[in-house]
Structures are given as structure tokens and as C-alpha cells.
Amino acid sequence: MIQDRADKPNFVNEVNRTLTDEQRKIYLDRLAEGERKLTEANTDLEKYEAYIVIGNQKYGLGQLGKAKEDYLKAERYNVENQAGVYTLLYQVELEMQDYESAKEHILKALELGAGTPDIWIKYITLMKEYFNANSEQLDKIFQDALAAVPDKTEIDIVTRYAQFLEETRNLKDAIGYWQKAIELFPLRKSLYQAEIDRLEKLIE
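Rendered as C-alpha cells:
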């Protein structure tokens, strides 16, 4: 469902993670280390990396709102224009149920890392599950992803697209993309061929 900020101004700022005492201690120790590195940071890159570490630990502890604050601080020092901070903002905002902000940041991540399949998959999932994107809109996103992601690294996009084509009853096209998956990743030929065989039976 598309989110309306006016109807839902309050987002989830904290969640209860199921952590053992040992796991919690690991997060807290890493958090302390990140804060120490921040006090010693001299360059923008060092500050960026420190805030990412701090935010990651708070996210792991379930402190979503605080993690977002640290990721936004990291963004200020993102002198190398890395996509990573925007995918982290997307992830925390998704869990906070702030879907509009999550969309804004995953699109920013795509601007900087359009060749990364995982970012496209996150965007496709967001649009499908939270923005009710129709088949035509999703197909366009998949096509953009296939054009942007380099050959040999696009296997996840290809298999997701094959599944999407089956969902929209484009079975012959789905078979074509499973065949492409075999070309890209022959080690999984038996797995992908099974999908082809199954779809061919549906067409008969």
C-alpha cells in the first residue's frame, strides 16, 4: 500500500531484536569501537566509515531511528559517492515503515550503483510490495535493470525476471530467460532446465 505521510507521521523507531547476551555484547563492543574511531577520525572518509559502523551496530540492536541518524551523518561525509550508505538508509527506513524515504534512497543508490544487481532487486521488491506497481511498471524496471547490469553479474536479475514473466503468464518469454540463465551460470543448468521443462508442460 502506498504510504501517506499525513496519515502516518509516526514511524517505527525501535524494534525488539531477539539477541543472546553474547550477540548483544558483540554489537555493543563494535559500537564502542566505532565511536572510538570516530573520535580519532581526521578525514571525511574516516568519518564516513565510522558513522557506518556505528549505524550498523545500532541497527543490529534494533535502534532504527538512531541508526538512521548515523547513516545520515555518514552521508554528509560520503565524498566518494558510495552507494552503500543509501542502501543502508533504504533498509532501515523500510523497517521503520517509512516507504517514501526508502524509495528516495534506493533510487539514489541506483544513481551511484546502477550496475549492482542487489540494488535493483531491492527497488523492484519495494515497488512491488509497498507501492503496488503494476505489471507494466515492473516490466519496465526489469528491462532497465537488465540494460544497466553488466553481463555475467546479472544472473539474479535474469532469474527474478523469468519468475515475474511466469507470474504475468508470459510463459514463452519466461523460458527464454531461464535459457539465458543457463548461459550465464551453466553450473546451475540442471536447476534452470527443470524450470524450463516445467513451463513447457504448462504450455502444452
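Under my numbering, the letters of the sequence shown match residues 3 to 206, in that order.
A virtual CB, placed ideally from N, CA and C, is assigned to each residue, including glycine.
Owing to the predicted nature of the structure, the values given are computational and were not obtained by experimental measurement.
Alpha-carbon spacing of Asp9 relative to Met98, whole angstroms: Position 7 of the sequence shown, counted from the start, is the residue given in the question as residue 9. Position 96 of the sequence shown, counted from the start, is the residue given in the question as residue 98. Any reading at Asp9 is ruled out, since the residue's pLDDT is 49, under 50, leaving its predicted position unreliable.
Three-state secondary structure assigned by DSSP to Phe166: In the sequence shown, the residue the question calls residue 166 occupies position 164. Of the three classes helix, strand and coil, the one that applies to Phe166 here is helix, per DSSP.
Helix, strand or coil at Ala135 [DSSP, three-state]: Working through the sequence shown from its first residue, we reach residue 135 at position 133. Three-state result, Ala135: coil.
Given that a residue counts as buried once 16 or more other Cβ atoms are within 10 Å of its Cβ, and exposed if not, what is Ile159? Working through the sequence shown from its first residue, we reach residue 159 at position 157. Label assigned to Ile159: buried.
Determine the closest residue to Phe187 out of Lys203, Thr155, Glu169, with distance taken between C-alpha atoms. Taking the sequence shown and counting its residues from 1, one reaches residue 187 at position 185. Of the candidates Lys203, Thr155, Glu169, the one whose C-alpha sits nearest the C-alpha of Phe187 is Thr155.
List the endpoints of the continuous alpha helix (DSSP H) containing Gly115. Indexing the sequence shown from 1 puts residue 115 at position 113. Where Gly115 is concerned, there is no enclosing alpha helix (DSSP H), given that its DSSP letter is neither H nor E.
Spell out a yes or no on whether the region 123 to 143 and the region 89 to 105 are touching, meaning 3 or more CB-CB pairs, one atom from each, closer than 8 Å. yes
Roughly how many angstroms lie between the CA atoms of Asp120 and Asn134, to the nearest whole one? Within the sequence shown, the letter at position 118 stands for residue 120. Within the sequence shown, the letter at position 132 stands for residue 134. Approximately 20 Å between the Cα atoms of the pair.
Pop quiz: Tyr61 and Ala69 are said to be a contact at Cβ under 8 Å. What is the actual Cβ separation, rounded to whole angstroms? Counting from 1 along the sequence shown, the entry for residue 61 is found at position 59. Counting from 1 along the sequence shown, the entry for residue 69 is found at position 67. The pair is a contact, with the Cβ atoms about 4 Å apart (cut-off 8 Å).
What does a CB cutoff of less than 6 Å around Ala52 pick up in its chain, not counting 5 residues either side in sequence? Counting from one through the sequence shown, the residue named residue 52 turns up at place 50. Only Gly36, Lys39, Leu40, Ala43 meet the Cβ criterion.
Three-state secondary structure assigned by DSSP to Gly62: Indexing the sequence shown from 1 puts residue 62 at position 60. Correct three-state label for Gly62: helix.
Going by beta carbon distance, what residues of the same chain come within less than 6 Å of Leu90, once the five residues before and after it are set aside? Position 88 of the sequence shown, counted from the start, is the residue given in the question as residue 90. So the list reads Tyr73, once near-sequence residues are dropped.
Can you give me the C-alpha to C-alpha distance between Ile177 and Glu185, rounded to a whole angstrom? Mapped onto the sequence shown, residue 177 falls at position 175. Mapped onto the sequence shown, residue 185 falls at position 183. Whole-angstrom Cα-Cα distance: 13 Å.
Quick check on Ala111: buried or exposed, where buried means 16 or more other Cβ atoms within 10 Å of its Cβ? Indexing the sequence shown from 1 puts residue 111 at position 109. Ala111 should be labelled buried.
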